[in-house]
Structures are given as C-alpha cells and as structure tokens.
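Trainee:
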Amino acid sequence: MGRLVPAVTRALDVLELFLESEGSLSAPDVTRRLGLPRTTVHELLTTLAARSYLAPVPEQPGRYRLGVRTYQLGSRYAEQLDLAAEGQQVAREVAETCDETVHVAILEDADVIYIAKVDSTHAVRMVSAAGRRLPAHCTSVGKMLLAALPEAELDARLEGRELVGMTPDSITDPAALRTALAEIRARGTAFEHRESNPDVSCVAAPVRDSAGRVVAALSISVPMIRWTGDREAELAELAQKGAGDLSVRLGHRGTR
8 MGRLVPAVTR ALDVLELFLE SEGSLSAPDV TRRLGLPRTT VHELLTTLAA
58 RSYLAPVPEQ PGRYRLGVRT YQLGSRYAEQ LDLAAEGQQV AREVAETCDE
108 TVHVAILEDA DVIYIAKVDS THAVRMVSAA GRRLPAHCTS VGKMLLAALP
158 EAELDARLEG RELVGMTPDS ITDPAALRTA LAEIRARGTA FEHRESNPDV
208 SCVAAPVRDS AGRVVAALSI SVPMIRWTGD REAELAELAQ KGAGDLSVRL
258 GHRGTR
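Here the sequence shown is numbered in the numbering used here, starting from 8 and rising by one per residue.
(1) How is the beta strand (DSSP E) around VAL148 delimited, first residue to last?
(2) Using the beta-carbon count (16 or more within 10 Å), is TYR78 buried or exposed?
(3) Taking the beta carbon of SER228 as the centre, do at least 16 other beta carbons fall within 10 Å, making it buried, or is it exposed?
(4) For ALA143, tell me which candidate among SER127, LEU170 and PHE25 has the shortest Cα-Cα distance.
(5) Take THR174 as the anchor and find which of LEU188, ALA197, CYS209 and SER203 has the nearest alpha-carbon.
(6) Closest to SER59 by C-alpha separation, out of VAL75, ARG70 and LEU188, would be which residue?
(7) Skipping 5 residues on each side, what residues in its chain have a beta carbon closer than 7 Å to that of VAL337?
(8) Leaving out five residues on either side along the sequence, give the residues of the same chain with a beta carbon under 6 Å from the beta carbon of ALA98.
(9) For the region 183–193 against the region 45–61, are there 3 or more C-beta pairs whose distance is under 8 Å?
(10) Looking only at C-alpha atoms, which of GLU27, PRO230, ALA243 and ARG10 sits nearest to SER127?
(11) So, helix, strand or coil for ARG72, using DSSP?
(12) When the Cα of PRO213 is compared with those of LEU245, THR38, THR235 and PRO44, which residue comes out closest?
(13) Mind reading off the beta-carbon distance from HIS49 to ALA62? Whole number of angstroms is fine, and I expect it under 8 Å.
(14) Starting from the C-beta of VAL255, find all residues in its chain whose C-beta is less than 6 Å away, skip the five residues before and the five after it, and write them out in chain order.
(15) Closer than 8 Å by C-beta to PRO181: which residues in its own chain qualify, once you throw out the five before and the five after it? Chain order, please.
(16) What separation, rounded to the nearest whole angstrom, lies between the Cα atoms of ARG140 and SER177?
(17) Would you mind listing the beta strand (DSSP E) stretches within the region 162–247 that are 3+ residues and don't spill past its ends, in chain order?
(18) Do you know how far the Cα of VAL64 is from the Cα of ARG260?
Okay, here's the thing in structure tokens:
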C-alpha cells in the first residue's frame, strides 16, 4: 500500500467538514475543528477555492461554501451508480451475516421486481430468482415500497386493481392493506408471514437515494422452521442495517 500524502489528506479533511455543516465555514472554524496551523488552513482554503472545490460567500467575507466542482464530481458519481450491482454486493454481505436468502427489489406499477438476490446455504431455503415479478401487496419488500408512496400515488397504483392472494394469508382487502401500510410507515420495517409462500416469512427495510426518496427495499426471507420471535427482531435490525448501507452507497445521508 502506498504512502498517504499529508497535504491531500488535510485538503480532504477540510472538504469533509462540510458534510457536517449546514452552511459555510470560516478559516477559524476549520482551524478549530481540525487543529491545524492557521497558515496551513489559509493555504488549503485558497487552493481549494482556486480549483472551485470551495467558493467564497459574497455576502459573508472570510467564509466558504462548497464549490461547483464538488457538485460536478457528485453528479458524475451518481451517474455511474448501478442499483442492481450495488444491491447485489450489499445483499451478499447481509446473507453472509445471517445465512438466509436476501433480496433487493423495486416497485413497478403495483408489483415488485427482484433486481438482486443472494441465497442461503441451508438445504431448506426460499426458492426465487432475480428478475421475478410478484404482487407488491403479498411481499414484505412490496408493502415497504407501497408504504413509502405519497397517498395520491398509492391511490393511483391501487385504483381498480384486484388484490389477488398468493396464499390463504395474503392481504386481499384494500382497507386491511391500507391499515398494514400505515403500521409499516410508523414502524419503518415491513413483515410478511406466509403471504407469498406458505412456508416463508420475510422482513424488509427501505433503501433511499441521495434525495431521501425510497427507491428500493431490502428483505431477508426465512423458512418458518427457522423463524422465531427472537430471530424476527434480529433479522429486522439486520435488514435495516443492510438497507442503510445500500442507501449510503446511493448517496443518502441521514436517517430519513
């Protein structure tokens, strides 16, 4: 591994201060937070501003905000993101932790499409495939994605649509579905017990993009023979962590 360049490290430290700041920073702010000499801080700020990574605030002399170059780099990074590829990587990490089947899915109309999947190594496991399409109301990922929709958009997607059940435990009543979605919004995770497969339970959590929008959901699917109350709580926490990790990869910051 090569040697880290101190000057570059310090410049990046300055830029990363803006991740925690709501607005602008002054040279004294940077000096205090990083513990660097004042001369060094002034040189770093001057260099970053000259390269448009920072920009002086016209109405506040001596203060700096992020410059256009950081926006250009962020935009290029976003263009290169591949949700399916990033989702597959995170799904693999989650599956290695719990040894259960992990999916990442997106919403299309009132259905879900699985875009990433990693299998459990257990002999008894959920059988599915990336690319599979299922009714959203019968799955944990689907209910998570439906719960994230604005009310008007949810109405439009469900209007005139028959809620066909996949098992006797599927939700087929529109009022019951809306009650379930309200509970999911309040809880932040979605559960499914034998609703798409009579032998499987699942838990899902939302995946957000850089703007905070829910763009996918990550789920963990477990055969009922391995599903317990303690296991449910453990997997719910793991699904939230996995979905959060994927959200970070997509540029999301914060808890919502």
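For every residue, glycine included, the Cβ atom is placed at its ideal position computed from N, Cα and C.
Mentor: From the atom records:
(1) The residue labelled residue 148 in the question sits at position 141 within the sequence shown. That residue, VAL148, is in no beta strand (DSSP E); its alpha helix (DSSP H) goes 147–154.
(2) Sequence index remark: in the sequence shown, residue 78 carries index 71 (1-based). By the 10 Å Cβ count, TYR78 comes out exposed.
(3) Within the sequence shown, numbered from 1, the residue matching residue 228 stands at position 221. The residue is buried, with at least 16 neighbouring Cβ atoms inside 10 Å.
(4) Along the sequence shown, one-based indexing puts residue 143 at 136. The shortest C-alpha separation from ALA143 is found at LEU170.
(5) Taking the first residue of the sequence shown as 1, we reach residue 174 at position 167. Taking THR174 as reference, the option from LEU188, ALA197, CYS209 and SER203 with the minimal CA-CA separation is SER203.
(6) Here the question's residue 59 lines up with position 52 in the sequence shown. Checking every option, the nearest Cα to that of SER59 belongs to VAL75.
(7) Lying before the first or after the last residue shown, residue 337 is absent from the chain, which here runs from 8 to 263.
(8) One-based indexing of the sequence shown puts residue 98 at position 91. Closer than 6 Å at the Cβ level, and outside the excluded window around ALA98, lie VAL109, VAL111, ALA123 and VAL125.
(9) no
(10) In the sequence shown, residue 127 corresponds to position 120, counting from 1. Out of GLU27, PRO230, ALA243 and ARG10, PRO230 has the C-alpha closest to the C-alpha of SER127.
(11) Here the question's residue 72 lines up with position 65 in the sequence shown. ARG72 carries a strand assignment under DSSP once its states are collapsed to helix, strand and coil.
(12) Position 206 of the sequence shown, counted from the first residue, corresponds to residue 213. Ranking the options by Cα distance to PRO213, first place goes to LEU245.
(13) As a first step, residue 49 must be located in the sequence shown, where it is residue number 42. As a first step, residue 62 must be located in the sequence shown, where it is residue number 55. In fact, because the Cβ distance is near 16 Å, the residues do not count as touching under 8 Å.
(14) Numbered from 1 along the sequence shown, position 248 holds the residue referred to as residue 255. There are no such residues.
(15) Translated into the one-based positions of the sequence shown, residue 181 becomes position 174. So the qualifying residues of the chain are LEU165 and LEU170.
(16) For the purposes of this step, residue 140 is identified with residue 133 of the sequence shown, where counting begins at 1. For the purposes of this step, residue 177 is identified with residue 170 of the sequence shown, where counting begins at 1. ARG140 and SER177: Cα-Cα distance of roughly 16 Å.
(17) 197–200, 207–215 and 221–230
(18) Along the sequence shown, one-based indexing puts residue 260 at 253. Along the sequence shown, one-based indexing puts residue 64 at 57. Approximately 24 Å, taken between the alpha carbons.
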